[in-house]
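What follows is a short report on a single structure.
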């Protein structure tokens, strides 16, 4: 199991480096998917198959699909690749890299001091055990997470609603309802694209 | 023969089983390409391919020769890496899912604690085949097909998991063998009828089969995400679809129809018979139903199936609490 752990850990680190240094957005996303699957393998190696399976289902299978979806819609071309390579100049990343390097050294020093070698061969935790833990001692955390998700859902629904409310007025002016619907969809897609692109540039 | 220990024998037998199941899955997928056309012909009152060999059985061989020797062309405007990767994902993710399906008491590849979750994970990975295939083709019809496919699959994957949670709650395990063992007296199709209906719908949607074949709608999208594919790469998408049909049929049999359980006949016969019925049902659906509009497919998933699965899960949970409050 230790070999499996270290192998998948190395894959995770390499794939994540690929995400950061990749110039092509979709290639970077593919690296991110590989990285997430490797993290799932780390969970499997540590004896937590339930967490590993959920990692693949939720992150690699659902959330990343949305990322890929949006990036593919944006149709990023040569300009985006040039922007990426501009960000990869040493001037940009040297400062943060040195600082995080210091943190990595601190982490390594702590890990070498502590005795962690024995814990990799941990026993396998079944899904039932995870469930009993989640709905036993950690019930309040689960409830809070559920509230947070509900809040996000309500917020997303509200943001989507204000847009379609304007469109509802337009329906009265445009004779055919169908065109109004089509326009509404196009507008919402455009705003989705705009949101992500502004996020990208601000980063 | 000092190296031939019981351990080695067990490994060799497991490898042999895995190989047989793999070949059977691919073979069933390939055979279905011919069988489907014959069955469609039967149900639509026409002949279908019946020229090559007795009853047209050699049509499969002819098709295979044709696909294998066709020029395997990658368009110059395509993104090579992703273009090659997509059919491999399509085929591999579905074939890997056969790993968790118990066929008879002694046959099956892996006996995972999280068997059912493994299938969900592979179904999640399978989305990328269509997405990458459509995007890397550099063709707007392919891209539109890929977009539709991913939106459809995401919507239906939301409740494919929920629809099976009733089964998991009743069996008390994600392990497929334990689920089959829990159906010794009553098949789960009886207490989990709504779970069965929604899983059937979601299963068809995940394999992109008619009437959920929006991603490839020939009339509007020319062939959807695999319009630029040719030769064996297209063949892998094609066979992958049929492997998906076989996979979903075996899953339905395992989860809702008691797996290998049945009177008189040996377990393997029961398993194959039940699977064949569902494969036939998939083909019949294609023969009988027209293709619905895309937005109708999406709203059916979100407005009918999702609430239905949630209510089903709630009622199942409440009933389990009432009848066995200790939680098994």
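Residue numbers (my numbering), protein chains in the order written: chain A, -5 to 197; chain B, 2 to 329.
From the three backbone atoms N, C-alpha and C, an ideal C-beta is built for every residue, glycine too.
From a predicted model like this one, the values you see are computed outputs, not experimental measurements.
Separation of residue 162 (chain B) from residue 263 (chain B), as counted between CA atoms: Rounded to the nearest angstrom, the two C-alpha atoms are 27 Å apart.
Does the CB of residue 322 (chain B) have a neighbour CB from chain A at under 7 Å? At a cut-off of 7 Å, the C-beta of residue 322 (chain B) has no neighbouring C-beta in chain A.
Member of B:207, B:67, B:3 and B:103 whose CA lies at the smallest distance from the CA of residue 127 (chain B): Checking every option, the nearest Cα to that of residue 127 (chain B) belongs to B:207.
Taking residue 279 (chain B) and residue 253 (chain B) to be in contact with their CB atoms under 8 Å, please state how far apart those CB atoms are, rounded to whole angstroms. Going by Cβ atoms, the distance from residue 279 (chain B) to residue 253 (chain B) rounds to 5 Å, so yes, they are a contact pair.
Identity of the residue in B:40, B:45, B:46 and B:35 nearest residue 53 (chain B) by Cα: Looking from the CA of residue 53 (chain B), the closest CA among B:40, B:45, B:46 and B:35 belongs to B:35.
Proximal residues of chain A, C-beta to C-beta of residue 227 (chain B) below 8 Å: Under the 8 Å cutoff, chain A gives no residues; its nearest Cβ is about 16 Å from residue 227 (chain B).
For residue 121 (chain A), tell me which candidate among A:67, A:84 and A:44 has the shortest Cα-Cα distance. Measuring from the Cα of residue 121 (chain A), the nearest candidate turns out to be A:44.
Write down every uninterrupted run of the alpha helix (DSSP H) in the segment 193 to 244 of chain B whose length is 4 residues or greater and which is fully enclosed by it, in chain order. Listed in chain order, the complete alpha helix (DSSP H) runs (minimum 4 residues) inside the segment 193 to 244 of chain B are 194 to 207 and 219 to 222.
Between residue 26 (chain A) and the rest of its own chain, which residues show a CB-CB distance below 7 Å, the 5 nearest in sequence each way excluded? Closer than 7 Å at the Cβ level, and outside the excluded window around residue 26 (chain A), lie 13 and 58.
Exposed or buried, residue 102 (chain B), counting other C-beta atoms within 10 Å across all chains shown (16 or more means buried)? With 16 or more other Cβ atoms inside 10 Å of its own Cβ, residue 102 (chain B) counts as buried.
Give me the chain B residues within the contact set of residue 61 (chain A), using Cβ-Cβ distance strictly less than 7 Å, ordered along the chain. The premise fails here: residue 61 (chain A) is roughly 11 Å from chain B at the closest Cβ pair, so nothing lies under 7 Å.
Collapsed DSSP secondary structure at residue 184 (chain B) in the structure displayed: It is coil, neither helix nor strand.
Best match in A:51, A:60 and A:77 for proximity to residue 147 (chain B) [C-alpha to C-alpha]: The option with the nearest alpha carbon to residue 147 (chain B) is A:60.
Take residue 165 (chain B) as the anchor and find which of B:314, B:20, B:323 and B:209 has the nearest alpha-carbon. In terms of CA proximity to residue 165 (chain B), B:314 leads the group B:314, B:20, B:323 and B:209.
By the 10 Å Cβ neighbour count, where 16 or more other Cβ atoms means buried, how is residue 124 (chain B) classified, buried or exposed? Around the beta carbon of residue 124 (chain B), a 10 Å sphere encloses 16 or more other beta carbons of the protein chains shown; the residue is thus reported as buried.
Would you mind sorting residue 319 (chain B) into buried or exposed? The rule is 16 or more other CB atoms within 10 Å of its CB. By the 16-neighbour rule on beta-carbons within 10 angstroms, residue 319 (chain B) is exposed.
Any C-beta of chain A within less than 7 Å: which residues of the segment 27 to 44 of chain B qualify? Cβ contacts with chain A come from no residue of the segment 27 to 44 of chain B.
Looking only at its own chain, which residues have a Cβ that is under 8 Å from the Cβ of residue 61 (chain B), when we skip the five neighbours before and after it? Excluding sequence neighbours, residue 61 (chain B) sits near 31, 32, 34 and 35.
Take residue 41 (chain B) as the anchor and find which of B:140, B:115, B:290 and B:81 has the nearest alpha-carbon. When B:140, B:115, B:290 and B:81 are compared, the shortest CA-CA separation from residue 41 (chain B) is found for B:290.
By the criterion of Cβ-Cβ separation under 7 Å, what are the contact partners of residue 12 (chain B) in chain A? Under the 7 Å cutoff, chain A gives no residues; its nearest Cβ is about 18 Å from residue 12 (chain B).
Beta-carbon separation of residue 90 (chain B) and residue 272 (chain B) under 7 Å? Taking 7 Å as the Cβ cut-off, residue 90 (chain B) and residue 272 (chain B) do not qualify as a contacting pair.
To the nearest angstrom, how far is the alpha carbon of residue 1 (chain B) from that of residue 49 (chain B)? In the structure as shown, chain B begins at 2 and stops at 329. Residue 1 (chain B) is therefore absent and cannot be evaluated.
By DSSP, does residue 136 (chain B) sit in helix, in strand, or in coil? Residue state, collapsed to three classes: helix.
Would you mind sorting residue 106 (chain B) into buried or exposed? The rule is 16 or more other CB atoms within 10 Å of its CB. When all chains shown are included, residue 106 (chain B) counts as exposed.
Can you give me, in chain order, the residues of the segment 275 to 294 of chain B that have a beta carbon less than 7 Å from any beta carbon in chain A? Of all residues in the segment 275 to 294 of chain B, none has a C-beta nearer than 7 Å to a C-beta of chain A.
In whole angstroms, what separates the C-alpha of residue 306 (chain B) from that of residue 80 (chain B)? Rounded to whole angstroms, the gap between the alpha carbons of residue 306 (chain B) and residue 80 (chain B) is 37 Å.
Assign residue 195 (chain A) to buried or exposed, taking buried as 16 or more other Cβ atoms, counted over all protein chains shown, within 10 Å of its Cβ. The pLDDT assigned to residue 195 (chain A) is 38, lower than 50, so where the model puts this residue is not dependable, and the model offers no usable value.
Kindly list, in the order they appear in chain B, the residues whose Cβ is closer than 7 Å to that of residue 121 (chain A). Here the neighbours are 114, 115 and 175.
With a threshold of 7 Å between beta-carbons, can residue 125 (chain B) be considered close to chain A, or not? Closer than 7 Å: yes.
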